[in-house]
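Undergrad: Mind having a look at this structure? Questions to follow.
In the numbering used here, the protein residues as written are 285 to 862.
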């Protein structure tokens, strides 16, 4: 995979630790609710990074003495030190080879956590998920260990967004949805964050949330947890709680937010602030370690990011607020033709009567008379020619009526083949033979006859051809019974060079084999937003696989990054019952 060129990541934040991260080792253990209650008071009062680390006392370390202008690997020029803490420093630097800003963490090679930082950075770099700020390099060189990250200058920390006030329900919904889905994908690969604070979440100018410091921030600070999935889930719940209320869900203040009043316990967000969305309030309570949901609805707690993502997906979709447009100003007053005239206005000077010249009658001159005779002659000639042509045509029609043409016989009898008719799609399911689906929940949007809904692939860094990184992406459609398939029409969201798709005959809605083992029905390529596909000889088939092997590059939008991607808005098949 080619090196990514979009830049951004910040370095380790230097904000005060909050109770959530301070008790990562004790209170975030899966299934230990009683221990959480007993340790709650002491964990919430604990401050500073010493509570984040296991093993008691932390070694007294000094960050490497570096300065602006120092160059690493003859490539990364340090420009500004952002953090200097606990034996490591974080910098904004310039990659002189690719001419872009990057972020760099630096610590001595003999630092007790140097090995774990290198391992965490290399593991995070293998994930390659665009929802995370990417690790670009992890090197040990000249008694130093340094980790190079993306730098996103056009993104805003969640800390700054929360300082401006609580979020709208749609923005909070997007936050918890995107962050929980991203962390669920990371945990499936064995990676956890353990320091998922407001400063670790960025929002791009397109509305996409990205997470920085996956695995690396915890390794730099020596943080670990017995239940990493529960720890990250509780952290996401705290972010949602803060987005809804602009309050930190613990008694201590943190990240510029006020904590809850002492002695009140964990109050639901809709009891802290009026107007909070009820469904999002319940999601926040299910994610936080409170032994379940609110009293009104006894839903089970969410203990993993995957459970939280599914709970958010099961909610009714929260639509964005209607845009407010300023009322247009009335147009400038314009005088009418009547008003612009001189009627009723005094004349500045007395009017002078002009002599009126009477034009001569038309065509009374010598030239006019000659022109009249010429036009008359042309009209007489035209009428004679037209009469002759009409008579000649009538004679020809009479002759043809006397000798009728022999009747042509239709091969195969008098019956004509029936034209193809639209086929009904009864069900559909995403096909992911590599176990990595794209957007399984939105498959039904491809045949709901609504052009505003769609199923979309993820954004890929290389293309248009997806291989070898991914052999393809697709959907299997169930026609209800065996049909004689003649053609298909695919409406696409993104145009450009280029989209390639193939139709295969599958044996079920969840075929076990690869597309190579199926019978190919049709294939087509387009650079537009419509992809017609025709089966050369109609095939009897019930399950049809639509398989994309190439997608165009498109810019970022509200829900996805720029990259090679495609979305299907509508699919229709034509044929006839067998």
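Idealized CB from N, CA, C, for every residue including glycine. What you are looking at is a predicted structure, and each value in this text was computed from that prediction instead of being measured.
1) With a cut-off of 8 Å on the beta carbons, I'd call residue 461 and residue 596 a contact; round off their distance for me.
2) Provide the residue span of the beta strand (DSSP E) that contains residue 767, from first to last.
3) Per DSSP, residue 455 is paired with what?
4) Determine contact between the stretch 467-480 and the stretch 554-573, defined as no fewer than three beta-carbon pairs at a distance below 8 Å.
5) Just how far apart, CA to CA, sit residue 523 and residue 584?
6) What span of residues does the beta strand (DSSP E) with residue 563 cover, start to end?
7) Less than 8 Å between the beta carbons of residue 740 and residue 844, yes or no?
8) Once you ignore the five residues that flank residue 846 on each side, which residues in its own chain have a CB closer than 6 Å to its CB?
9) Can you grab the Cα-Cα spacing for the pair residue 848 / residue 494, in whole Å?
10) From residue 390 to residue 489, what does the alpha carbon distance come to, in whole angstroms?
11) For residue 594, does the three-state DSSP call read helix, strand or coil?
12) Identify every run of the beta strand (DSSP E) within the stretch 414-446, keeping only runs that are complete inside it and at least 3 residues long; order them along the chain.
13) Nearest CA to the CA of residue 550: which residue from 521, 558 and 540?
14) If I measure Cβ to Cβ from residue 382 and keep anything under 6 Å in the same chain, skipping five residues before and after, which residues do I get?
15) Can you check the stretch 443-514 for any beta strand (DSSP E) of at least 3 residues that lies completely inside it and give the ranges in chain order?
16) Cutting at 7 Å between CB atoms, please list the residues of its own chain near residue 556, excluding the five before and the five after it.
17) Quick check on DSSP: helix, strand or coil for residue 672?
18) So which of 491, 427 and 429 has the shortest CA-CA distance to residue 457?
19) Please find out if some non-hydrogen atom of the ligand ADP comes closer than 7 Å to the beta-carbon of residue 456.
20) Out of curiosity, what's the CA-to-CA distance linking residue 311 and residue 586?
21) Go ahead and label residue 375 buried or exposed: buried means 16 or more other beta carbons lie within 10 angstroms of its beta carbon, across all protein chains shown.
22) From the DSSP output, in three-state form, read off residue 845 for me.
23) Return helix, strand or coil for residue 857, following the three-state DSSP convention.
24) Tell me which same chain residues have a C-beta within less than 7 Å of the C-beta of residue 553, skipping the five on either side of it?
25) Which residues in the same chain as residue 502 place their Cβ atom closer than 6 Å to its Cβ, once the five residues preceding and following it in sequence are excluded?
26) Does DSSP classify residue 373 as helix, strand or coil?
27) Find the nearest neighbour of residue 361 within the set 352, 369 and 368, judged by alpha-carbon distance.
28) Counting only the same chain and skipping the five closest in sequence on each side, list residues whose C-beta sits under 8 Å from that of residue 735.
29) In the stretch 813-842, which residue ranges form an unbroken beta strand (DSSP E) of at least 3 residues, counting only runs that do not cross its ends?
30) Tell me which residues share the same chain as residue 547 and place their Cβ nearer than 6 Å to its Cβ, disregarding the 5 neighbours each side in the sequence.
31) Mapping the DSSP letters down to three states, classify residue 708 as helix, strand or coil.
32) According to DSSP, residue 530 sits in a beta bridge with which residue or residues?
33) Note the first and the last residue of the continuous beta strand (DSSP E) segment covering residue 386.
34) Between the alpha carbons of residue 344 and residue 370, how many angstroms are there, rounded?
35) Using the Cα positions of residue 497 and residue 769, report the straight-line distance between them to the nearest angstrom.
36) Expressed to the nearest angstrom, what Euclidean distance is found between the alpha-carbon atoms of residue 476 and residue 468?
TA: On the basis of the data shown:
1) In the chain shown, the residue the question calls residue 461 occupies position 177. In the chain shown, the residue the question calls residue 596 occupies position 312. At roughly 5 Å, the Cβ-Cβ gap stays under 8 Å, so residue 461 and residue 596 are in contact.
2) For the purposes of this step, residue 767 is identified with residue 483 of the chain shown, where counting begins at 1. Going by DSSP, residue 767 is part of the beta strand (DSSP E) stretching over 757-776.
3) Here residue 455 refers to the residue found at position 171 when the chain shown is read from its first residue. Its beta-bridge partners do not exist; DSSP assigns none.
4) Note that the stretch 467-480 does not touch the stretch 554-573; fewer than 3 beta-carbon pairs, one per stretch, sit closer than 8 Å.
5) Here residue 523 corresponds to residue number 239 of the chain shown, with the count starting at 1. Here residue 584 corresponds to residue number 300 of the chain shown, with the count starting at 1. Going by the C-alpha atoms only, they are around 20 Å apart.
6) Locating residue 563 in the chain shown gives position 279, where the first residue counts as 1. Segment 562-571 is the alpha helix (DSSP H) holding residue 563; no beta strand (DSSP E) there.
7) By 1-based counting over the chain shown, the position of residue 740 is 456. By 1-based counting over the chain shown, the position of residue 844 is 560. The answer is yes: Cβ separation under 8 Å.
8) Locating residue 846 in the chain shown gives position 562, counting from the first residue. Closer than 6 Å at the Cβ level, and outside the excluded window around residue 846, lie 839 and 840.
9) Here residue 848 is taken as the residue at index 564 of the chain shown, counted from 1. Here residue 494 is taken as the residue at index 210 of the chain shown, counted from 1. Cα to Cα, the separation comes out at about 18 Å.
10) Translated into the one-based positions of the chain shown, residue 390 becomes position 106. Translated into the one-based positions of the chain shown, residue 489 becomes position 205. Each residue's Cα considered, the two are about 29 Å apart.
11) Here residue 594 is taken as the residue at index 310 of the chain shown, counted from 1. Per DSSP, reduced to three states, the secondary structure at residue 594 is helical.
12) Segments of the beta strand (DSSP E) lying fully in the stretch 414-446: 419-425 and 428-434.
13) Here residue 550 refers to the residue found at position 266 of the chain shown. Residue 550 has its Cα closest to that of 521, out of 521, 558 and 540.
14) Position 98 of the chain shown, counted from the start, is the residue given in the question as residue 382. Once the five neighbours on either side are set aside, residue 382 has no close Cβ partner at all.
15) With a minimum length of 3 residues, the continuous beta strand (DSSP E) runs that stay inside the stretch 443-514 are 485-487 and 493-495.
16) Counting from 1 along the chain shown, the entry for residue 556 is found at position 272. The residues are 529 and 531.
17) Numbered from its first residue, the chain shown carries residue 672 at position 388. Residue state, collapsed to three classes: helix.
18) Here residue 457 refers to the residue found at position 173 of the chain shown. Of the listed residues, the one whose Cα sits closest to residue 457 is 491.
19) Ligands in the displayed structure: none, and consequently the ligand ADP is not present.
20) Numbered from 1 along the chain shown, position 27 holds the residue referred to as residue 311. Numbered from 1 along the chain shown, position 302 holds the residue referred to as residue 586. Residue placement at residue 311 is flagged as unreliable, the pLDDT there being 30, under the threshold of 50; a coordinate-derived value is accordingly withheld.
21) As a first step, residue 375 must be located in the chain shown, where it is residue number 91. So residue 375 ends up on the buried side.
22) Taking the first residue of the chain shown as position 1, residue 845 is located at position 561. Looking at residue 845 - three-state DSSP - the assignment turns out to be coil, as it is neither helix nor strand.
23) In the chain shown, residue 857 corresponds to position 573, counting from 1. Correct three-state label for residue 857: strand.
24) Locating residue 553 in the chain shown gives position 269, counting from the first residue. So the qualifying residues of the chain are 525, 528, 529, 560, 565 and 568.
25) Here residue 502 refers to the residue found at position 218 of the chain shown. Closer than 6 Å at the Cβ level, and outside the excluded window around residue 502, lie 478 and 479.
26) Taking the first residue of the chain shown as 1, we reach residue 373 at position 89. Three-state DSSP puts residue 373 in a strand.
27) Locating residue 361 in the chain shown gives position 77, counting from the first residue. For residue 361, the nearest C-alpha among the options comes from 352.
28) Here residue 735 corresponds to residue number 451 of the chain shown, with the count starting at 1. Cβ neighbours of residue 735 beyond the five flanking positions: 775, 853 and 854.
29) 814-834
30) The residue given as residue 547 occupies position 263 in the chain shown. So no residue of the chain qualifies.
31) As a first step, residue 708 is located in the chain shown; it is residue number 424 there, counting from the start. For residue 708, the three-state secondary structure derived from DSSP is coil.
32) Counting from 1 along the chain shown, the entry for residue 530 is found at position 246. DSSP lists no partner for residue 530.
33) Reading the chain shown from its first residue, position 102 is the one you call residue 386. Looking at the DSSP string, the run of the beta strand (DSSP E) that includes residue 386 is 384-392.
34) Locating residue 344 in the chain shown gives position 60, counting from the first residue. Locating residue 370 in the chain shown gives position 86, counting from the first residue. Note that residue 344 scores a pLDDT of 48, beneath 50, so its modelled location is shaky and nothing firm can be said.
35) Position 213 of the chain shown, counted from the first residue, corresponds to residue 497. Position 485 of the chain shown, counted from the first residue, corresponds to residue 769. Between residue 497 and residue 769, the alpha-carbon positions lie close to 51 Å from each other.
36) Taking the chain shown and counting its residues from 1, the one referred to as residue 476 is at position 192. Taking the chain shown and counting its residues from 1, the one referred to as residue 468 is at position 184. Each residue's alpha carbon lies about 9 Å from the other.
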